[in-house]
Amino acid sequence: MDFSKIRQALINLPNGASEPIVSSVFITELLKILGFDVTETIPGFSTGNGGNAVDYAVRKNSDNDTFIETKLNPYLLVEVKGRNINLHPKAAQYKSTVNQLKHYLLAPNCKTAQWGIIANGDYIQLFRKHGKVIYPATPCIEITADNLDKVISAIKQKIENPLKALTIAIYNNKGGVGKTTTTLNLAAMLTILGKRTLIVDFDPNQQDLTNSLGQKVKEDSLYSWLVNDTSKEIPKNLINSFTVSYKSGSVWQFDFIASDAKLKNLPEANLRQLINYGRLRQALESFKQQYDYILIDSPPNWVFYSQSAIYAADVVLIPTKHNSIYSLNNAATVIESFIPEIQNVRKDGGPIPLPIFYNGESITDPAKKTAEEAIDKIIEQAKSKKPNPIDLTPYFYPKTTSARKDLHIFDIPSYAHIAGAAFSHVPAVFKNKTACGHYLGLVREYFLQ
Numbered sequence: 001m002d003f004s005k006i007r008q009a010l011i012n013l014p015n016g017a018s019e020p021i022v023s024s025v026f027i028t029e030l031l032k033i034l035g036f037d038v039t040e041t042i043p044g045f046s047t048g049n050g051g052n053a054v055d056y057a058v059r060k061n062s063d064n065d066t067f068i069e070t071k072l073n074p075y076l077l078v079e080v081k082g083r084n085i086n087l088h089p090k091a092a093q094y095k096s097t098v099n100q101l102k103h104y105l106l107a108p109n110c111k112t113a114q115w116g117i118i119a120n121g122d123y124i125q126l127f128r129k130h131g132k133v134i135y136p137a138t139p140c141i142e143i144t145a146d147n148l149d150k151v152i153s154a155i156k157q158k159i160e161n162p163l164k165a166l167t168i169a170i171y172n173n174k175g176g177v178g179k180t181t182t183t184l185n186l187a188a189m190l191t192i193l194g195k196r197t198l199i200v201d202f203d204p205n206q207q208d209l210t211n212s213l214g215q216k217v218k219e220d221s222l223y224s225w226l227v228n229d230t231s232k233e234i235p236k237n238l239i240n241s242f243t244v245s246y247k248s249g250s251v252w253q254f255d256f257i258a259s260d261a262k263l264k265n266l267p268e269a270n271l272r273q274l275i276n277y278g279r280l281r282q283a284l285e286s287f288k289q290q291y292d293y294i295l296i297d298s299p300p301n302w303v304f305y306s307q308s309a310i311y312a313a314d315v316v317l318i319p320t321k322h323n324s325i326y327s328l329n330n331a332a333t334v335i336e337s338f339i340p341e342i343q344n345v346r347k348d349g350g351p352i353p354l355p356i357f358y359n360g361e362s363i364t365d366p367a368k369k370t371a372e373e374a375i376d377k378i379i380e381q382a383k384s385k386k387p388n389p390i391d392l393t394p395y396f397y398p399k400t401t402s403a404r405k406d407l408h409i410f411d412i413p414s415y416a417h418i419a420g421a422a423f424s425h426v427p428a429v430f431k432n433k434t435a436c437g438h439y440l441g442l443v444r445e446y447f448l449q
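Heads up: the sequence shown begins at 1 in the UniProt record's numbering, then just goes up one per residue.
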């Protein structure tokens, strides 16, 4: 690949270059080197959301479908800013630009878009869209003539080879919030919707997920897979299938990795000597073109297994209880401390937290009011926390905007069939229409556009 033209474009870009100058001098060369020609590039692309237009939309042409003619099914969106806009990750202008890109990616005319880029000639970042989920595919990188080749090559490699799976860790530092129930029923709902799904029981000391499916805990499969980090061979008994058949002839199936006895009660110090907590992420790479979703059921507390699950994830789904201040406080700890800790190690922008949801409780108006008061206090404390203040509003009240306060939090209500499904060893979604409706709501709220 010849980077001479884009490197020279970056060198020629004035320090205070406005957005039109950044676009004409740098972005046009960027799109060329990413493999898109002028017939595959539409500037000022209408997103279908009012009069909003993203700076560039691109897609490869196919037989009888030239993008600049059909203007359909964009693949990559690019939002450009001038050099006077600060895209450093801690800047307010960075956050507003990311939100702007996310709105464009979710707009009616952009449903097919899988990637988004923000760039201003000083910084560049790539985002991946999987259904409704938009998460960083790279960190926000300061570009120079020296690192430009490497940065652009990495972006090009990713957009040309998208991984099929979204990896989700289901986690709260507090126990008893229904992580395993959520994992099982989310997997079941995704399966019904035609998504190939793999779930991982990564709580070997409890083994609730494996037991809930009525499966025997393996003596050794997960252990050897994780310890043998130089081998690409997957143990034959690692992947199991859970199948439900109906009299109508319908058959639903998802795959799972059971816990095993060899990992149970292995001391934390021994675990860390045997297995790097980045190993699960590395090992799951083998499955990211086979599945649409990989779900990891993780234990509470900030221990090796939960750290490994978060490290392996693209996003973290956080169940809470509205009537448990401990679950809300622990959710805040996950968002403001634990996830940033992993982000600092991974250095690729991920994982990111999804907004919390209330899980498995009936909510009265007085109880809801009490929870809102507790959340408001949590948010205010996080904003003033030094040295790293954070605004938790998007994670507790995701529908709130600068113009409108909306305290809605998604909830899975209390329902006996969901709680009692463990006794039958079949996820409630496969057995009960009401339970199915609740988890369909969860999937639509968080994952499917």
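Every residue gets a Cβ at the ideal spot worked out from N, C-alpha and C, and that includes glycine.
For clarity, every value in this text was computed on a predicted model and none was experimentally measured.
For residue i, which option in the options has the closest C-alpha, if you only look at C-alpha atoms?
i, options, result
"ASN109", "PRO74, ILE134, ILE68", "PRO74"
"THR41", "ASN12, LEU448, ALA57", "ALA57"
"LYS262", "PHE256, PRO139, ASN270", "ASN270"
"LYS247", "VAL315, ASN388, LYS431", "LYS431"
"SER306", "GLY278, LYS156, THR320", "GLY278"
"VAL98", "ASN359, HIS425, GLY349", "GLY349"
"THR389", "GLN125, GLU268, ILE378", "Looking at the sequence provided, one finds Pro at residue 389 rather than Thr. Ranking GLN125, GLU268, ILE378 by Cα distance to PRO389 puts ILE378 first."
"PHE26", "SER46, ILE124, PHE67", "ILE124"
"GLN253", "GLY51, TYR415, LYS218, ILE199", "ILE199"
"ALA17", "SER62, SER46, ARG83", "ARG83"
"THR181", "PRO353, TYR291, GLN207, SER384", "GLN207"
"ASP411", "LEU317, ASP229, ALA258", "LEU317"
"ASP37", "ASN15, SER62, LEU407", "SER62"
"ALA374", "LEU407, LYS399, LYS264, LYS179", "LEU407"
"VAL315", "ASN323, TRP302, ARG281, PHE304", "ARG281"
"GLU29", "ASN205, LYS218, ALA119, TYR293", "ALA119"
"PRO221", "LYS264, TYR104, ALA258, GLY175", "Here the sequence assigns Ser to residue 221, which means Pro is not the residue at that position. For the residues LYS264, TYR104, ALA258, GLY175, the minimum Cα distance to SER221 belongs to ALA258."
"SER24", "ASP55, THR47, SER4, GLY35", "ASP55"
"SER245", "LYS5, THR191, GLN290, TYR223", "THR191"
"LYS164", "TRP115, ASP229, PRO366, ALA188", "TRP115"
"GLU69", "TYR94, GLY44, THR39", "THR39"
Counting only beta-carbon atoms, is residue i nearer than 9 angstroms to chain B?
i, result
"ALA312", "This model lacks chain B altogether; it includes just one protein chain."
For residue i, is the beta carbon positioned less than 8 angstroms from some heavy atom of the ligand MN?
i, result
"ALA403", "Absent from the structure shown: the ligand MN. Ligands present: none."
Under the assumption that residue i contacts residue j (Cβ atoms under 8 angstroms), give the Cβ distance between them as a whole number of angstroms.
i, j, result
"ILE356", "PHE396", "6 angstroms"
"ILE296", "ALA312", "6 angstroms"
"SER327", "THR320", "4 angstroms"
"VAL227", "GLU268", "No, VAL227 and GLU268 are not in contact; Cβ-Cβ is about 16 angstroms, not under 8 angstroms."
"LEU184", "SER212", "6 angstroms"
Could you give the first and the last residue of the continuous alpha helix (DSSP H) run that contains residue i?
i, result
"GLU29", "28-33"
"PRO340", "339-346"
"LEU209", "208-212"
"LYS5", "4-12"
"ALA187", "179-192"
"PHE67", "67-70"
"ASN173", "No alpha helix (DSSP H) holds ASN173; DSSP gives it neither H nor E."
"LEU274", "268-274"
"GLN282", "279-284"
Hey, could you find the ends of the beta strand (DSSP E) residue i is sitting in?
i, result
"ASN359", "357-359"
"ALA169", "166-170"
"ILE143", "Note, ILE143: premise wrong, no beta strand (DSSP E); not H, not E."
"SER250", "Per DSSP, SER250 belongs to no beta strand (DSSP E) and is neither H nor E."
"THR41", "41-46"
"VAL58", "53-58"
"LEU295", "293-297"
Would DSSP call residue i helix, strand or coil?
i, result
"LEU77", "strand"
"LYS129", "strand"
"VAL230", "Residue 230 is actually Thr in this sequence, not Val. Reduced to three states, the DSSP call for THR230 is coil."
"LEU198", "strand"
"PRO366", "helix"
"ILE21", "helix"
"SER221", "coil"
Query - Inside the segment 373-434 only - alpha helix (DSSP H) runs reaching at least 4 residues - result: 393-396, 416-420
Query raised in the report: Where in the segment 299-343 do unbroken runs of the beta strand (DSSP E), each at least 3 residues long, occur, reported from the N-terminal end onward?
Result: 315-317
Query - Continuous beta strand (DSSP E) assignments of at least 3 residues falling wholly in the segment 77-124 - result: 115-119
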